[in-house]
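K.L.:
One structure, as structure tokens, below. Some questions next.
Number of protein chains: 2
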Amino acid sequence: MNSKDKNKPTLPGKASQSPIGIFDSGIGGLTVVKRLATTLPNENIIYFGDTARVPYGSKSNSTVIEYSIQNTKLLLGKNVKSVIVACNTASSIAIPELRKQFNIPIIGMIEPGAKMALQKTKNKKIGVIGTRATIGNLAYSSEIKKIDESISVIEKPCPLFVPLAEEGWTDHNATHKIAEEYLKELRDEGIDTLVLGCTHYPILSKIIQAVIGQNVSLIDSGVASSELIKEELQKLNLLTDSIEAGWQEFYVSDIQVKFKEVAELFLGKEIEHVHKVDLEELVQEHKS
Amino acid sequence: MNSKDKNKPTLPGKASQSPIGIFDSGIGGLTVVKRLATTLPNENIIYFGDTARVPYGSKSNSTVIEYSIQNTKLLLGKNVKSVIVACNTASSIAIPELRKQFNIPIIGMIEPGAKMALQKTKNKKIGVIGTRATIGNLAYSSEIKKIDESISVIEKPCPLFVPLAEEGWTDHNATHKIAEEYLKELRDEGIDTLVLGCTHYPILSKIIQAVIGQNVSLIDSGVASSELIKEELQKLNLLTDSIEAGWQEFYVSDIQVKFKEVAELFLGKEIEHVHKVDLEELVQEHKS
Numbered sequence: 038m039n040s041k042d043k044n045k046p047t048l049p050g051k052a053s054q055s056p057i058g059i060f061d062s063g064i065g066g067l068t069v070v071k072r073l074a075t076t077l078p079n080e081n082i083i084y085f086g087d088t089a090r091v092p093y094g095s096k097s098n099s100t101v102i103e104y105s106i107q108n109t110k111l112l113l114g115k116n117v118k119s120v121i122v123a124c125n126t127a128s129s130i131a132i133p134e135l136r137k138q139f140n141i142p143i144i145g146m147i148e149p150g151a152k153m154a155l156q157k158t159k160n161k162k163i164g165v166i167g168t169r170a171t172i173g174n175l176a177y178s179s180e181i182k183k184i185d186e187s188i189s190v191i192e193k194p195c196p197l198f199v200p201l202a203e204e205g206w207t208d209h210n211a212t213h214k215i216a217e218e219y220l221k222e223l224r225d226e227g228i229d230t231l232v233l234g235c236t237h238y239p240i241l242s243k244i245i246q247a248v249i250g251q252n253v254s255l256i257d258s259g260v261a262s263s264e265l266i267k268e269e270l271q272k273l274n275l276l277t278d279s280i281e282a283g284w285q286e287f288y289v290s291d292i293q294v295k296f297k298e299v300a301e302l303f304l305g306k307e308i309e310h311v312h313k314v315d316l317e318e319l320v321q322e323h324k325s
Numbered sequence: 038m039n040s041k042d043k044n045k046p047t048l049p050g051k052a053s054q055s056p057i058g059i060f061d062s063g064i065g066g067l068t069v070v071k072r073l074a075t076t077l078p079n080e081n082i083i084y085f086g087d088t089a090r091v092p093y094g095s096k097s098n099s100t101v102i103e104y105s106i107q108n109t110k111l112l113l114g115k116n117v118k119s120v121i122v123a124c125n126t127a128s129s130i131a132i133p134e135l136r137k138q139f140n141i142p143i144i145g146m147i148e149p150g151a152k153m154a155l156q157k158t159k160n161k162k163i164g165v166i167g168t169r170a171t172i173g174n175l176a177y178s179s180e181i182k183k184i185d186e187s188i189s190v191i192e193k194p195c196p197l198f199v200p201l202a203e204e205g206w207t208d209h210n211a212t213h214k215i216a217e218e219y220l221k222e223l224r225d226e227g228i229d230t231l232v233l234g235c236t237h238y239p240i241l242s243k244i245i246q247a248v249i250g251q252n253v254s255l256i257d258s259g260v261a262s263s264e265l266i267k268e269e270l271q272k273l274n275l276l277t278d279s280i281e282a283g284w285q286e287f288y289v290s291d292i293q294v295k296f297k298e299v300a301e302l303f304l305g306k307e308i309e310h311v312h313k314v315d316l317e318e319l320v321q322e323h324k325s
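Chain order of the listed sequences is A and B.
For what it's worth, our numbering labels the leading residue of the first sequence as 38, then goes sequentially.
For what it's worth, our numbering labels the leading residue of the second sequence as 38, then goes sequentially.
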């Protein structure tokens, strides 16, 4: 597709009034919506969670790219002026292809998170926690080392943090014990900065901060990407001039048991309505 | 397909010497392989774990049926004489369609597990634990009540048990705390029988037994289904007459980080080789 496609305008008439699109493989990206709404409270936001095809971390690169293109097209069909890829897997794999195909600002999680960590660290020891897929791909460490080779990056997969966040066990004794187990190595290494390399993890930040120590800076990629998109849109003169609170719209490809409860925990407020996207149509649309 | 299909014979020449096929959406079914190898030590076993498309619990019924048909065809292509559906989701959704399409004994998890629980209970109070999808579908409770309406079934989703099993935290303090949280309601209700309604859970049976109490019978659907398939094959004169130890072959649609380690924990022994199945071919094969 190109920017002249009539059905999916990339930069329509009054682009600055258009919403910002965010997609994720599931619901973790709702923590990014929360951050974005704080950074840019007047912007409208459209969220798509590909809950029917979650997780992306176990899928091949070509599949993740294909799904990311479909998700971006879905958002462009709703007239967004930019896209945040609020999924660490899709960020590390699909962004070059998305930027090639779509003529709008596209921001991921890895680059902003890595940059913010580099700004924060003083002792040049950065920890990164994430899913097994993100850590296995060395997504953050290669991004950090690309910018500054002298940084020591210590990575640790924390697979239980996603289900703990989805259980809402943000203050549970078991979560504390598990965090102790996962983070002790990073604490022993004396990191001064810790990247939350998974959009679920901000839900557990209180416990993570308590266990890793108050002197360690936690990096929330949702905050980092929100600030970056603000800069980008400013440069392009694409920030809204509305002074009203922005609205938010939520789309998912599947609505699972307990969805609303978990989504509201992640978003930090009530969700009135969630639209279900037909997956068949999403795939067909992409082919046509 | 029908039983005359030349490429995928359902009951080939020397059927009793053919292997037994088992499929699951991932690796949980390896606990069933372990049970089956104990119950029928001379049988050869072919396992397929659809690790590229896990989990099935969040997918639509039609998708689960389609995948289950593909998986069964894959196993039939390897000449199996029967199929165990070692996935609770696929068991509860796809078995009627599989039995309609394929002319071999097909055994799931739900029916054998429910029947064994009914045989064990004395006070008619049965607990069922499983993933949110299995519990949400009331898979076990409707099967149990179909046989005996007077049974009281108390169900509880335990979403953290799958990642805890995959972490191998079979004896961890955090697992104990989480089991306490999940199982206290079932214990208070005074159940005398507890169905492990997820093939991952036998990995945690020691902790589950300790928390729920030694007087509660744990039902492992892997044991129940292995006994049922033994009966079925006996009736059909399809048990092997080999007196040698059976061999096992393992196929998956994706090999993730840490796969071997987790798989060997589940299987209870070393896996020499795992074959990767091409997902495109699997899907194409099904269409043709």
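Just so it is clear, CB atoms sit at the ideal spot from N, CA and C, and this is done for glycine as well.
Quick caveat: nothing in here was measured; it's all calculated off a predicted structure.
Using C-beta distances below 6 Å, list every residue in its chain close to Ala176/A, excluding the 5 sequence neighbours before and after it, in chain order.
P.N.:
Hits under 6 Å: Ser129, Ile147.
K.L.:
For His312/A, write down the residues that DSSP places opposite it in a beta bridge.
P.N.:
DSSP lists Tyr288/A as partners of His312/A.
K.L.:
With a Cβ-Cβ cutoff of 8 Å, do Ala123/A and Ile59/A count as a contact?
P.N.:
It is a contact, given that the beta carbons lie within the stated cut-off.
K.L.:
Report all residues from its chain with a CB closer than 7 Å to the CB of Gly305/A; omit the five preceding and five following residues, and keep chain order.
P.N.:
Cβ within range, chain order: Lys71.
K.L.:
Using 8 Å as the threshold, is the C-beta distance between Ala202/A and Ile244/A below it?
P.N.:
Not in contact: Ala202/A and Ile244/A (Cβ atoms no closer than 8 Å).
K.L.:
Check each candidate in Thr171/A, Gln54/A, Ser179/A and name the one with the smallest Cα separation from Pro92/A.
P.N.:
Ranking Thr171/A, Gln54/A, Ser179/A by Cα distance to Pro92/A puts Thr171/A first.
K.L.:
Taking the alpha-carbon of Glu301/A as reference, which of Phe287/A, Tyr219/A, Gln246/A, Asn274/A has the nearest alpha-carbon?
P.N.:
Closest by alpha carbon: Phe287/A.
K.L.:
Expressed to the nearest angstrom, what Euclidean distance is found between the alpha-carbon atoms of Ser250/B and Cys195/B?
P.N.:
Reading the sequence as shown, one finds Gly at residue 250/B and not Ser. Taking the straight line joining both Cα atoms gives about 17 Å.
K.L.:
Taking the straight line between their C-alpha atoms, what separation do you get for Glu204/A and Gln271/B?
P.N.:
One C-alpha to the other measures close to 45 Å.
K.L.:
Cα separation between Leu233/B and Gly259/B?
P.N.:
So the two alpha carbons sit approximately 9 Å from each other.
K.L.:
What does DSSP give as the partner residue(s) for Glu204/A in the beta ladder?
P.N.:
Beta-bridge pairing links Glu204/A to no other residue.
K.L.:
Mind checking whether Ser254/A and Lys157/A have CB atoms under 8 Å apart?
P.N.:
The answer is yes: Cβ separation under 8 Å.
K.L.:
Helix or strand or just coil, what does DSSP make of Thr109/B?
P.N.:
Helix.
K.L.:
Out of Asn174/B, Arg90/B, Ser279/B, Pro56/B, which has the shortest C-alpha to C-alpha gap to Gln293/B?
P.N.:
Checked all of Asn174/B, Arg90/B, Ser279/B, Pro56/B; the closest Cα to Gln293/B is Arg90/B.
K.L.:
Considering just the uninterrupted stretch of the alpha helix (DSSP H) at Lys267/B, what are its terminal residues?
P.N.:
First-last of the alpha helix (DSSP H) with Lys267/B: 258–272.
K.L.:
Considering Cα atoms alone, identify which of Lys313/A, Lys297/A, Thr277/A, Ser187/A is closest to Ala74/A.
P.N.:
Ala74/A has its Cα closest to that of Thr277/A, out of Lys313/A, Lys297/A, Thr277/A, Ser187/A.
K.L.:
Please list, in chain order, the residues of the segment 195–221 of chain A that have any C-beta partner in chain B closer than 9 Å.
P.N.:
Cβ contacts with chain B come from Pro196, Leu197, Val199, Pro200, Leu201, Glu203, Glu204, Trp206, His209, Asn210, Ala211, Thr212, His213, Lys214, Ile215, Glu217, Glu218.
K.L.:
Let's test the definition: count the other Cβ atoms within 10 Å of the Cβ of Glu151/A and tell me whether it reaches 16, buried, or not, exposed.
P.N.:
A quick correction: the sequence has Ala, not Glu, at residue 151/A. With 16 or more Cβ atoms within 10 Å of its Cβ, Ala151/A is classed as buried.
K.L.:
When you compare only the Cα positions, how much space is there between Arg224/A and Val165/A?
P.N.:
Distance between the alpha carbons of Arg224/A and Val165/A is about 12 Å.
K.L.:
Got a sec: which bits of the segment 79–112 of chain B sit with their beta carbon under 8 Å from any beta carbon on chain A, in order along the chain?
P.N.:
Under the 8 Å Cβ criterion, the segment 79–112 of chain B contributes Thr88, Ala89, Val91, Ser95, Lys96, Ser97.
K.L.:
How is the alpha helix (DSSP H) around Phe139/A delimited, first residue to last?
P.N.:
Unbroken run through Phe139/A: none, as it is neither H nor E.
K.L.:
Run through DSSP, which three-state label would Gln87/B get?
P.N.:
In the sequence as displayed, the identity of residue 87/B is Asp instead of Gln. Here Asp87/B sits in coil by DSSP.
K.L.:
What does the Cβ neighbour count give for Gln107/B, buried or exposed, with the cut at 16 atoms within 10 Å?
P.N.:
So Gln107/B counts as buried.
K.L.:
Got a sec: which bits of the segment 287–301 of chain B sit with their beta carbon under 7 Å from any beta carbon on chain A, in order along the chain?
P.N.:
Listed in sequence order: Asp291, Gln293, Val294, Lys295.
K.L.:
Mind pulling the beta strand (DSSP E) runs of 3 or more residues that sit fully within the segment 125–192 of chain B?
P.N.:
Counting whole runs of 3 or more residues, the segment 125–192 of chain B contains the beta strand (DSSP E) stretches 162–167.
K.L.:
What first and last residue would you give for the beta strand (DSSP E) that runs through Thr277/A?
P.N.:
Segment: none, Thr277/A is in no beta strand (DSSP E) and carries neither H nor E.
K.L.:
Specify the secondary structure class of Ser55/A as computed by DSSP and reduced to three states.
P.N.:
Three-state DSSP puts Ser55/A in coil, outside helix and strand.
K.L.:
Please state the DSSP three-state secondary structure of Lys71/A.
P.N.:
Lys71/A: helix per DSSP, three-state reduction.
K.L.:
Of all the options Asp257/A, Leu275/A, Glu309/A, Glu222/A, which has the alpha carbon lying nearest to the alpha carbon of Ile65/A?
P.N.:
The sequence shown places Gly at residue 65/A, rather than the Ile named in the question. Gly65/A has its Cα closest to that of Asp257/A, out of Asp257/A, Leu275/A, Glu309/A, Glu222/A.
K.L.:
With respect to the beta strand (DSSP E) encompassing Thr230/B, which residues constitute its N-terminal and C-terminal limits?
P.N.:
Counting along the chain, the beta strand (DSSP E) containing Thr230/B begins and ends at 230–233.
K.L.:
Compare the C-beta of Lys272/B against all C-beta atoms of chain D and say whether one is closer than 8 Å.
P.N.:
Among the protein chains in the structure shown, which are A and B, there is no chain D.
K.L.:
Determine the contact status of Ala154/A and Thr230/A, defining contact as a CB-CB distance below 8 Å.
P.N.:
For Ala154/A and Thr230/A, yes; Cβs fall inside 8 Å.
K.L.:
Kindly give me the distance between the Cβ atoms of Ser95/B and Thr88/A, rounded to whole angstroms, as I take these residues to be in contact under 8 Å.
P.N.:
So it is a contact: roughly 7 Å between Cβ atoms.
K.L.:
When you compare only the Cα positions, how much space is there between Tyr219/A and Gly145/A?
P.N.:
Cα-Cα distance, rounded: 26 Å.
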